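Working notes, beginning with the structure itself.
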Amino acid sequence: MISWIKLTFSTCVFVFLLSTTVSAAEEPSREQILEKRMEYYIKYSSDVLPWYYLAAIDQFERNIQEVRNDIPKREGAVAIQFSDDYWTGVLNPLLDDTNLNSIAFFNGRGLDGNQDGIADRKNDDDVMFTLTEYLMQFGVMEKGFEKALKKYYQRDETVKQIMTNAEIYKEFETLNLDARAFPLAINHNYSYRSTWGDSRGWGGRRMHEGTDLFASYSVPVKSTTFGKVEVMGWNDYGGWRIGIRDVNNTYHYYAHLSGYTKDLKEGDILEPGTIIGYVGSSGYGKEGTSGKFPPHLHYGMYKYNGRVEWAYDPFPSLKRWEREEQSKKNK
4 MISWIKLTFS TCVFVFLLST TVSAAEEPSR EQILEKRMEY YIKYSSDVLP
54 WYYLAAIDQF ERNIQEVRND IPKREGAVAI QFSDDYWTGV LNPLLDDTNL
104 NSIAFFNGRG LDGNQDGIAD RKNDDDVMFT LTEYLMQFGV MEKGFEKALK
154 KYYQRDETVK QIMTNAEIYK EFETLNLDAR AFPLAINHNY SYRSTWGDSR
204 GWGGRRMHEG TDLFASYSVP VKSTTFGKVE VMGWNDYGGW RIGIRDVNNT
254 YHYYAHLSGY TKDLKEGDIL EPGTIIGYVG SSGYGKEGTS GKFPPHLHYG
304 MYKYNGRVEW AYDPFPSLKR WEREEQSKKN K
């Protein structure tokens with residue numbers, strides 16, 4: 004009896020370990036996931052519809068699905084998904100209709116991309132083909148692409164985010180833009196702690212939406228991400244500040260600078276680690292005001308979900324990026 008129990012237990016352990024090993028082996032790597040996405044973008048791109056336009060839309064859709072509860076996450080290589088009304092038609096009683104004839108009868112726009120005779124929203128080829136056919140109606144050069152986005156999404160902020168995605172992908176010619184950098188060189192003396200939610204008095208009672216990193220004047224400030232310089236200039240609260248938007252619908256805010264890197268301008272596309280300015284104590288007054296507080300970098304992060312943009316605590320990200328840079332330095 005004991006031998007039988009041991010045999011049964013051993014068999015169960017073996018089966019568990021085997022299934023775990025198989026599952027781990029089947030789990031695609033980050034590189035494989037990005038490669039699969041790129042295959043779809045290239046497949047449905049053309050001379051007038053570059054791959055980075057398709058990637059830009061897909062990434063935006065993926066971003067909003069991650070932060071909104073009212074939008075389900077789409078399974079598949081691409082994240083693009085269409086509404087029932089768009090795909091099957093406004094008056095179509097079958098919300099999951101895949102029949103090309105009935106979809107067309109109800110003025111739906113779902114199409115068959117893999118030539119299997121049906122229009123299936125769960126099929127990546129059908130989704131990509133439907134998207135490209137929609138975009139091609141607008142001529143698709145930059146102005147046409149923007150017009151197509153505005154008509155579909157109905158939000159200027161969304162159009163701006165997707166166009167930014169496209170510019171960044173075009174510049175770096177890759178989807179692998181996961182690298183990040185700590186905003187201050189770790190060989191400098193600096194200090195910071197979680198200051199999220201602390202009260203602020205200047206300009207009216209408000210909460211602190213970011214993390215303050217204290218350092219000496221003129222310590223270089225680096226871009227933490229691949230992104231586009233969206234705004235530069237004076238802000239009465241933040242002094243000389245820079246705003247950089249990345250492909251993850253995140254706006255990175257750098258404030259209280261003493262100055263900018265020479266030749267840096269709005270519209271520039273940057274990579275992590277690029278020096279963008281220098282620590283200062285500007286702000287809390289009209290243009291040029293400085294010295295009302297110790298020199299530091301105020302770093303903030305804001306997420307756009309397709310409807311609104313809100314601030315969230317950057318402290319955990321800063322700690323992670325700092326550890327990663329320290330680890331690289333110690334190797």
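Remember, my numbering sits 3 above the position in the sequence shown when you count from 1.
Beta carbons are placed, not taken as given, at the ideal position from N, Cα and C, and that holds for glycine.
Fair warning: this is a prediction, and the values are worked out from it, not measured in the lab.
Asked                                                                                                                                                               : Found
Going by the beta-carbon positions, is the gap between W324 and F185 smaller than 8 Å?                                                                              : yes
Taking 7 Å as the cut-off, is the C-beta of L134 nearer than that to any heavy atom in the ligand COA?                                                              : Although the ligand COA was asked about, the structure shown includes no ligands whatsoever.
Assign D129 to one of two classes, buried (16 or more other C-beta atoms within 10 Å of its C-beta) or exposed (fewer than that).                                   : buried
Based on Cα-Cα distance, which residue from E212, K125, P275 lies nearest to T227?                                                                                  : P275
If H259 and I247 are in contact, beta carbons under 8 Å, what's the gap, nearest whole angstrom?                                                                    : That belief does not hold up - the Cβ atoms of H259 and I247 are roughly 16 Å apart, past 8 Å.
F217 by DSSP, collapsed to three states: which one?                                                                                                                 : strand
What is the C-beta distance between I83 and D61, in whole angstroms, given that I count them as a contact (C-beta under 8 Å)?                                       : 5 Å
Would you identify the three-state DSSP class for I74, choosing helix, strand or coil?                                                                              : coil
Quick check on G309: buried or exposed, where buried means 16 or more other Cβ atoms within 10 Å of its Cβ?                                                         : buried
Exposed or buried, what is W243 when buried is set at 16 or more other beta-carbons lying within 10 Å of its beta-carbon?                                           : buried
Taking C-beta to C-beta, are S261 and Y287 nearer than 8 Å?                                                                                                         : no
Would you tell me roughly how many angstroms separate the C-alpha atoms of A314 and H211, rounded to the nearest one?                                               : 10 Å
First and last residue of the alpha helix (DSSP H) that includes Y156?                                                                                              : 145-156
Take the Cβ of R124 as the centre, count every other Cβ of all protein chains shown within 10 Å, and call the residue buried at 16 or more, exposed below.          : buried
Under 8 Å between the Cβ atoms of L273 and G236?                                                                                                                    : no
Report buried or exposed for I164, applying the criterion of at least 16 other Cβ atoms within 10 angstroms of its Cβ.                                              : It should be pointed out that residue 164 corresponds to Gln in this sequence rather than to Ile. Q164 is buried by the Cβ-count criterion.
Distance check for F318 and I189, CA to CA, integer angstroms please.                                                                                               : 16 Å
Taking the alpha helix (DSSP H) that P319 falls in, what are its first and last residues?                                                                           : 318-333
According to DSSP, is Y81 part of a helix, a strand, or is it coil?                                                                                                 : One detail in the question is off: residue 81 reads as Val in this sequence, not Tyr. Residue state, collapsed to three classes: coil.
Identify every residue that forms a DSSP beta bridge with W313.                                                                                                     : K306
For S26, collect the residues of the same chain with a Cβ closer than 8 Å to its Cβ; drop the 5 residues on either side in sequence, then sort them by chain order. : In this prediction, S26 scores a pLDDT of 47, lower than 50, which makes its location untrustworthy; the coordinate-derived value is nonetheless stated afterwards. Hits under 8 Å: none found.
Rounded to whole angstroms, what is the Cα-Cα separation between I45 and W54?                                                                                       : 6 Å
With DSSP collapsed to three states, give me the class of T198.                                                                                                     : coil
So is P96 buried or exposed if we call it buried at 16+ other beta carbons inside 10 Å?                                                                             : exposed
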